[in-house]
Amino acid sequence: MDEKKMPGYGPPPPGIAVCPTPHDNDGYIPDEGVVMPPTAPPLEIPTQERMPLVDLGSLSDEDVRDACLQFASENCCYGKKFIRETTLPQICNGCTFHYQLETFGEKRETAERHEPYRGEYIDGPENGIPPAAWNIPVTIPAMFVPSIGKVEVPHTARVKECFRCVGNCRVRCESCYGRGGNSCWNCHGSGRRDTHPCSSCGGSGRQRCWNCSGSGQVKCGTCDGIGRLRHFIILIITWSNHVENYITDTSKLPKTMILEATGKEIFREENERRILFSDEAHFWLNGYVNKQNCRIWSEANPQGYVETPLHPEKLTVWCALWAGGIIGPYFFKNDEGHNVTVNGDRYRAMITNFFIPELNNHDIQELWFQQDGATCHTARATIDLLKDTFGDHLISSFGPVNWPPRSCDLTSLDYFLWDYVKSLVYADRPQTLGHLEDNIRRVIADIRPQMLEKVIKNWTTSEPAMAVICQKSYLKCNAT
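Here this note's numbering = 1-based position in the sequence shown + 533.
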């Protein structure tokens, strides 16, 4: 091979590491004659018992001295005489509560990868549309244990010529720069040492390259000498544990000391199914679907112009979803029965006249309520109304538990319910809003409890590319 044409090191050509761009999923229409499985029995979630407040007892004079002596023995140059001889005029026993909240989070991101192609099966785009990152099923490892997982995204593999060796399997040796050898280190290329031939190179003045054995070429390390690479997209899942500590300190002790204290655990709760996710969605009669949160990988350009009516007829629907079922749908209408959009007054009327009465069928003391940061949700009157019902179990902007503003809204309604319902209600091409409303009610009523259970187990939410999966609470009581 000509040395000047021999491939060497360098960046990959344009387009190799460019990931496909996302575009809107057009949904699907189920095949005719498909028989749905029977409805499963209602999901029963056991109520977690609250542990009674334990009696920690009180510290005696002997207990205090033993603790002080133990502390002095653990530190250099601390005397013990004062502890033995001093008189303790008063011992004040107190109690400090340490509440620890652990939030188990999941983050998903994609990256382009390549490996030598050895003739294995290629799952490429011809086999289907690659799924969105959050639609790929992944087994969650041990809860509250940080870990990292990697999964290949289906239908993203493709075979290309190696960008380093350009399919030649070999590249220029970087030790000798393709020359096959270098000047002798002993005679510096002269071939002689004083008046005698150089013993290292035999008088030639050159030494054969140890790396390429004189050929000037080595096996391509990128493709392992095969000449072709399998490119694919990999999904990287990061599970992390976020810990927050809250202390009711009435003893004026340093908080670091309270955090290090062993104490006695008086309460523990793990909760992943007791959150009511709520949201609104628009259903246009002409079938237009605003899928701002529904993305898949595709090589098609999503930035296209589509002619749409300026004011198409639509329904504004509200639902609340949790592992035990769906509350709703609720359709926003005025006093004359005409369909309207949501505002603060209509939202509060829905909560008062529809949502709160529906909660009578559930143990609301065990439920958390989540809503996004829309203005009608976060008005002072709305927050006060929800606090009267849920107390501190409210997840919302300006609520006891803050919902991040401008979040990606990857709640169970965004990544499952609305996309699922919109893919079915237009199957028979409804011509009136009443027909569309009936379809929405029917599709939501047919959602099976085991489907909701699976959705909540795969729950992702809130911070960009970050999903809160489960929260674990501890409450410790420390004697002070």
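Ideal Cβ placement from N, Cα and C applies to all residues, glycine included.
State the beta-bridge partners of residue i as determined by DSSP.
i           : result
residue 781 : 630
residue 716 : 739
residue 756 : Residue 756 pairs with nothing; no bridge assigned.
residue 729 : 726
residue 684 : 768
residue 811 : 853
residue 793 : DSSP lists no partner for residue 793.
residue 775 : 636
residue 751 : 704
residue 644 : 767
residue 936 : According to DSSP, which records beta bridges pairwise, residue 936 is partnered with nothing at all.
residue 744 : Note: residue 744 sits in no beta bridge, so no partner.
residue 872 : 866
residue 816 : 848
What did DSSP end up calling residue i once you bin it into helix, strand or coil?
i           : result
residue 658 : helix
residue 667 : helix
residue 649 : strand
residue 621 : coil
residue 890 : helix
residue 638 : strand
residue 928 : strand
residue 904 : coil
residue 597 : helix
residue 610 : coil
residue 949 : helix
residue 960 : coil
residue 985 : helix
residue 762 : strand
residue 677 : coil
residue 846 : coil
residue 954 : helix
residue 786 : coil
residue 592 : coil
residue 698 : coil
residue 909 : helix
Once the 5 residues before and after residue i are set aside, which same chain residues still bring their CB inside 7 Å of it?
i           : result
residue 714 : 739, 740, 741, 742 and 747
residue 730 : 724 and 736
residue 881 : 914, 915 and 918
residue 671 : 682, 684 and 770
residue 706 : 742, 744, 745, 749, 750 and 751
residue 544 : The predicted position of residue 544 is uncertain, since its pLDDT is 45 and thus under 50; no value can be drawn from it.
residue 717 : 731, 733, 734, 738, 739 and 740
residue 988 : 945 and 949
residue 813 : 849, 850, 851 and 875
residue 677 : 635, 637, 774 and 1005
What distance in whole Å lies between the Cβ atoms of residue j and residue i, which are believed to be in contact at a cut-off of 8 Å?
i           : j           : result
residue 933 : residue 921 : Not a contact, Cβ separation roughly 13 Å.
residue 655 : residue 691 : 7 Å
residue 641 : residue 666 : 5 Å
residue 816 : residue 958 : 7 Å
residue 874 : residue 849 : 5 Å
residue 777 : residue 634 : 5 Å
residue 966 : residue 869 : So it is not a contact: roughly 14 Å between Cβ atoms.
Between which two residues does the beta strand (DSSP E) harbouring residue i extend?
i           : result
residue 860 : 858 to 864
residue 920 : No beta strand (DSSP E) contains residue 920, which is instead part of the alpha helix (DSSP H) from 913 to 923.
residue 691 : 691 to 694
Let's see if you can read the secondary structure: which residues bound the alpha helix (DSSP H) around residue i?
i           : result
residue 974 : 966 to 978
residue 878 : 877 to 883
Apart from the five residues on each side of it in sequence, which residues of its chain come closer than 8 Å, Cβ to Cβ, to residue i?
i           : result
residue 660 : 687 and 688
residue 576 : Caution applies to residue 576, whose pLDDT of 42 falls short of 50 and renders its modelled position unreliable; the value that the coordinates give is listed next. Once the five neighbours on either side are set aside, the close Cβ partners of residue 576 are 856, 857, 858, 982, 983, 985 and 986.
residue 694 : 700, 760, 761 and 762
residue 757 : 649
residue 657 : 688, 689, 690 and 691
residue 885 : 918
residue 936 : 903, 904, 905, 906, 928, 929, 930 and 995
residue 709 : 715, 742, 744, 745 and 749
For residue i, collect the residues of the same chain with a Cβ closer than 6 Å to its Cβ; drop the 5 residues on either side in sequence, then sort them by chain order.
i           : result
residue 902 : 809, 923 and 927
residue 755 : 695 and 697
residue 904 : 811, 910 and 929
residue 879 : 865
residue 719 : 731 and 733
residue 980 : none
Using a threshold of 8 Å, is the CB atom of residue i nearer than that to any non-hydrogen atom of the ligand MG?
i           : result
residue 792 : As far as ligands go, the structure on display features none, and thus does not contain the ligand MG.
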